[in-house]
Structures are given as C-alpha cells and as structure tokens.
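The structure appears right after this line, and notes come after that.
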Amino acid sequence: MPDPRLYESDTYVVLEPNQPEQFLTITELHEKLQAVLAAQEELPAELQQFSSLSEQAKHLLETACEFDLGPGTFIQWYVVRLEK
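Each residue of the sequence shown is one higher than the one before, starting from 3 at the first, in this note's numbering.
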C-alpha cells in the first residue's frame, strides 16, 4: 500500500507528447482532464458509468495516472512535491 504522505502534495506534473511538462494544481488538472474527456468521441466503459465530466475526471485522478487518447497520443500525470 502506498504511503499516504505521497498524496499530501496538490501539485502534479503533466506529460503530453510534443509538449513541455506542465506543473498543475489538483484543481487545474481536474479541469484539464474534464476538457480532455469532453473532446473524446467515445469513453471507456469504466468512465461511462459516471454521469458528469467532473465525476469522470475525479475517477481518473483517483484511479489512474494516464489516459490514452489514441495512437501515439496520451496524457500522464504524477504527484510531485516541490521544494520551497
């Protein structure tokens, strides 16, 4: 089981092909995932059980770190701790 301290940060690094890495807050990442999901023609069955984009994005945040958008296209996100 992962150490709960790993999730104390609310900063994520987001990786996409041919894009520089982005550092987003959990709120910004949630909004980005909603936009990505809204642009998809068909969602995996796992996400279709949720009635709203917000719930779908929340499920992805809680259960995954990558979403496949098609051949050679994806979005990945990982929790990071930034030193201050």
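Where is the CB? At the ideal position from N, CA and C, for every residue including glycine. None of these values were measured; they are calculated from a predicted model.
Near the ligand HEM: residue i beta-carbon under 7 Å from a heavy atom
i, result
"F25", "With respect to small molecules bound, the structure shown includes none, and the ligand HEM cannot be examined in it."
Extent of the continuous alpha helix (DSSP H) to which residue i belongs
i, result
"S48", "Sequence check: residue 48 is Glu here, not Ser. It spans 47 to 50 - the alpha helix (DSSP H) in which E48 sits, taken as one unbroken run."
Three-state class that DSSP yields for residue i in the structure shown
i, result
"L84", "coil"
"E23", "coil"
"Q78", "strand"
"E57", "helix"
"E43", "coil"
"E68", "strand"
Alpha-carbon to alpha-carbon, residue j and residue i
i, j, result
"R83", "F69", "22 Å"
"E64", "E57", "11 Å"
> How about the stretch 11 to 20 and the stretch 70 to 83: do they share at least three Cβ pairs that are nearer than 8 Å?
Replying inline: yes
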